[in-house]
Each structure stands twice: as structure tokens, then as C-alpha cells.
Amino acid sequence: MTAPLVTILDDEPEIRRILTETLEEAGFRTQSFSRAREFEASLKRVTPDVCLVDLSLPDTDGLTLVHRLALEQGAAVIIISGRAQVQDRVTGLELGADDYITKPFDPTEVVARIRARLRGGPRAQVQSGNSAQFSGWTAHFDRYVLEDETGGETPFSHAEGEVLRLFLESPKRLISRAQMQEALGGAAGDSFDRAMDVRVSRLRTKLREDPKNPRLIKTIYGAGYIFLGDVNWL
9 MTAPLVTILD DEPEIRRILT ETLEEAGFRT QSFSRAREFE ASLKRVTPDV CLVDLSLPDT
69 DGLTLVHRLA LEQGAAVIII SGRAQVQDRV TGLELGADDY ITKPFDPTEV VARIRARLRG
129 GPRAQVQSGN SAQFSGWTAH FDRYVLEDET GGETPFSHAE GEVLRLFLES PKRLISRAQM
189 QEALGGAAGD SFDRAMDVRV SRLRTKLRED PKNPRLIKTI YGAGYIFLGD VNWL
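Just so we're aligned, residue 9 is where the sequence shown starts under our numbering, counting upward by one.
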């Protein structure tokens, strides 16, 4: 089995060296880049399993890049940044990042977070297939799109896909925030809870749900969420 590929985008040579050595010792393959243009050029040739992205880049805005990656790539996106404010973390997660690690960091924590993403994300091997039908929709997890009954397609991000797949694999069952945190990884706390709320809200919008009375994804206040549709995996 080929080892998972992790790409590192950071303009600090020492950070790239530490991450490369630690990840390769842990059994991962790596590619590292100091500029976003080199990083994005590599994505045209190969899709990594996980992208580690610094926000303070010399040639592009890191948050814009994270948002584009979340929508266009099948890889998990983990921000590694010196920006430690809660709002920075929340913004990064709202824009589609799967996790947020602040500098300075313990390299072994980065390894643990990556392994959590690979275990929990839609790219992990699971018993269900790559597409699921429910309530007039088909979710294609191999292409990250929702297809309606007319064939129209709406893209969703990797982070949104994690939540959607979690719902579709456990329909008509309460999924608590603690269960979501365990399944999806990331540090528990207000920023994680808000990120989950944002992902659910975006999924509801893409599923054309009434925000005041959603019929598919119900919020059970103080407990979690329940997905009410019947699901057929293809």
C-alpha cells in the first residue's frame, strides 16, 4: 500500500525541514514548497492526501488559498499558522479547513492530527460507497458534488463532505457534538463547535433547506443533530 502523501506549504525553511523529517519518520511521503505558485502547480500533477498550509505566505493570501483548496481538492486541509487568535481559527475553519494548528507546535501533534484526518475523512476506506441517494439528491464523494433530480450539480468542500458523510452513514440517529469531534478530529471547544455549526448551515443551504424549519438535518438543542432522510448507498 502506498503511504499517504502530505504536502507542506510554508516559507520558513526550518519549519519545512522539521515537518518533512518528522512525517517521513512516521511513514508518510512528503512534498514541501515555499511559494503558493509552486504548490498549486504540483496539485495539477498529483492530489495529496493532506495539505499543510501556512497563512502568512509571501505570494498569496493563505486564507483565500485554503478556501480554494477546500472547494477544488479532495485533500484534507490543515492550517499551520502563527496566528493564534480565536477569530483566526474560526475564520480558517469556516473557509473550509479541516483543522488548525498554531505555531510553535509539537511535530508529533501534527502527525497525530494528520492520522485523525485520514481515519475520519471521506477519503478513508469505509464500507459505504462513494455515492449516496437521499430525498431527491445524490451526493458524489469522489467528485465532491451534490446532484439534484434535474442533474444540476452543487460543489461541496472536503470539510462539508466529512459532516455530510457522517450524517448519511448514521441516518435517523442522534449524533452528538462529542461524537462529531471524535469522528472528525480536531480540538474540542468553541471554535470546533462553531465550525460544525457553519458546515451544517452551509449543507442546509446547498440542500435548499428552510433555515427556520429544516426537514433533513435537525438540530437537537443541547444534544447534537439528526439526519432524517432515507439513504441508499450506491
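The beta carbon of each residue, even a glycine, is placed where N, CA and C say it ideally should be.
Quantities reported herein were computed from a predicted structural model and do not represent experimental measurements.
Pairwise C-alpha distance: residue j and residue i
i    : j    : result
M188 : E32  : 29 Å
G90  : A44  : 17 Å
V239 : L17  : 38 Å
S139 : D150 : 8 Å
V206 : E22  : 34 Å
L154 : L176 : 13 Å
I88  : A49  : 20 Å
A83  : L77  : 8 Å
Q93  : R25  : 26 Å
G129 : L174 : In this prediction, G129 scores a pLDDT of 49, lower than 50, which makes its location untrustworthy; the coordinate-derived value is nonetheless stated afterwards. Computed Cα separation, rounded: 9 Å.
V98  : E46  : 27 Å
K220 : P112 : 42 Å
D218 : S184 : 22 Å
L192 : F200 : 10 Å
F41  : T116 : 21 Å
H166 : P222 : 22 Å
Given residue i as reference, the closest of the options once Cα atoms are compared
i    : options                : result
L63  : T10, E217, D19, S50    : D19
E170 : K111, G159, A203, E29  : A203
R37  : F142, G232, I122       : I122
Q95  : I86, D156, Y108        : Y108
R181 : E217, G160, G232, E80  : G232
K243 : T110, A186, R127, Y152 : This structure cannot speak to residue 243, because the chain is shown only from 9 to 242.
G160 : V208, L224, G237, R216 : R216
A105 : R210, V85, V98, P112   : V85
G230 : A186, D69, L224, L73   : A186
G35  : S165, F41, S42, A120   : A120
Cβ-based neighbour list, residue i, same chain, cut-off 6 Å, excluding 5 preceding and 5 following
i    : result
T15  : Q39, P56, C59
P66  : D19
G144 : E157
H148 : S139
D69  : none
T110 : A92
Test item: CB-CB of residue i and residue j under 9 Å
i    : j    : result
T146 : L242 : yes
T30  : V118 : yes
L13  : V54  : yes
L126 : Q81  : no
G100 : L79  : no
Residues of its chain near residue i, where Cβ-Cβ distance is below 7 Å and the 5 sequence neighbours each way are ignored
i    : result
I228 : L182, I234
E168 : R207, R210, L211
V74  : V61, V85, I87, G100, L103, G104, A105
P163 : L79, Y152, V153
K226 : Y233, I234, L236
Own chain, CB closer than 8 Å to residue i, minus 5 neighbours either side, in chain order
i  : result
P2 : What is shown of the chain runs 9 to 242, which leaves residue 2 out entirely.
Complete runs of the alpha helix (DSSP H) confined to the stretch 192-234 [at least 4 residues]: 198-214
Beta strand (DSSP E) runs contained entirely in the stretch 113-185, provided each spans 3 or more residues: 139-142, 145-148, 153-155, 161-163, 182-184
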